[in-house]
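Contents: one structure, followed by commentary.
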């Protein structure tokens, strides 16, 4: 029986959006050649933000004091739930083992966390706090030693305070005021004194998805997040 669509999207996961690809490819080419100034110029152009890219410890402490307690309590509740499940998952899934297949011939499995994880947290109209909780927390529980979180900044503010608070609470080592293609490129190429990411995770718009698609191979990715993942 064929699937009956109540409403069919004009574009599917297999649709080749050539214009988006051309825009993203040009941005990536320019960013790969430029240094940090190139990222700052694009952040000014796209987000109207001219402040510091790296969120300082002082800024994080300021946000901790100013963010309302109800928001902090809700974030902590979510974080504790995700962390508890991630710890149980790590303990019970994919355990290390070794087996002797024949005399002197051994085979086994050992789970080793990547060195650096890049977590993209969408900003846009709303703060995607859940993306920070789910990506940063699980990377931390897995044993990743270096976790970079990127989120689009707002003019004169930087990344949404709730996102900064969440990323810090969940264990991000570095938080960057970067969004879109510059964020994906910065984590891949190891900009702003960071090591290049071994894997990129987190949803985003079509430009973020296309950047991940193009850079796959230079860096590992989780998946190409579509409207469903972002909506949830």
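Numbering (this note's numbering), first residue to last: -5 to 226.
Even glycine gets a Cβ: it sits at the ideal position worked out from N, Cα and C.
Remember, predicted model here, so these are calculated numbers, not experimental data.
- Residue pairing by DSSP places residue 168 opposite 142 in a beta bridge.
- Taking the C-beta atoms as reference points, residue 123 is found no nearer than 9 Å to residue 151.
- In the DSSP secondary-structure assignment, residue 93 is bridged to 101.
- Beta-bridge pairing by DSSP links residue 213 to 210.
- Under the three-state reduction of DSSP, residue 61 is assigned to coil, being neither helix nor strand.
- Note: residue 43 is not bridge-paired with any residue in the DSSP secondary-structure output.
- Per DSSP, the unbroken alpha helix (DSSP H) holding residue 21 starts and ends at 12 to 27.
- Distance from the Cα of residue 37 is smallest, within the candidate group 184, 177, 181, for 177.
- By the neighbour-count criterion, in which 16 or more other beta carbons inside 10 Å mark a residue as buried, residue 79 falls on the exposed side.
- In the DSSP secondary-structure assignment, residue 110 is bridged to 140.
- In the DSSP assignment, residue 178 falls within the unbroken alpha helix (DSSP H) covering 174 to 183.
- In the DSSP annotation of this structure, the continuous segment of the beta strand (DSSP E) that includes residue 195 starts and ends at 193 to 195.
- Beta-bridge partners of residue 153 (DSSP): 147.
- Here the stretch 136 to 145 does not lie against the stretch 89 to 101, with fewer than 3 beta-carbon pairs under 8 Å apart.
- Contact annotation: residue 155 and residue 70 have beta-carbon atoms that are not nearer than 9 Å.
- Here the stretch 19 to 31 makes no contact with the stretch 122 to 136; the two share fewer than three CB pairs at distances below 8 Å.
- Straight-line measurement puts the Cα of residue 169 at about 10 Å from the Cα of residue 51.
- Cα atoms of residue 42 and residue 103: separation of roughly 48 Å, rounded to the nearest angstrom.
- The Cβ atoms of residue 47 and residue 172 sit closer than 9 Å to each other.
- The residues 107, in chain order, have a CB closer than 8 Å to that of residue 137 in the same chain once the five nearest residues on each side in sequence are set aside.
- Counting C-beta atoms within 10 angstroms of its own C-beta, residue 95 has fewer than 16 neighbours from the protein chains shown and is therefore classed as exposed.
- For residue 148 and residue 66, the gap between their C-alpha atoms comes out near 21 Å.
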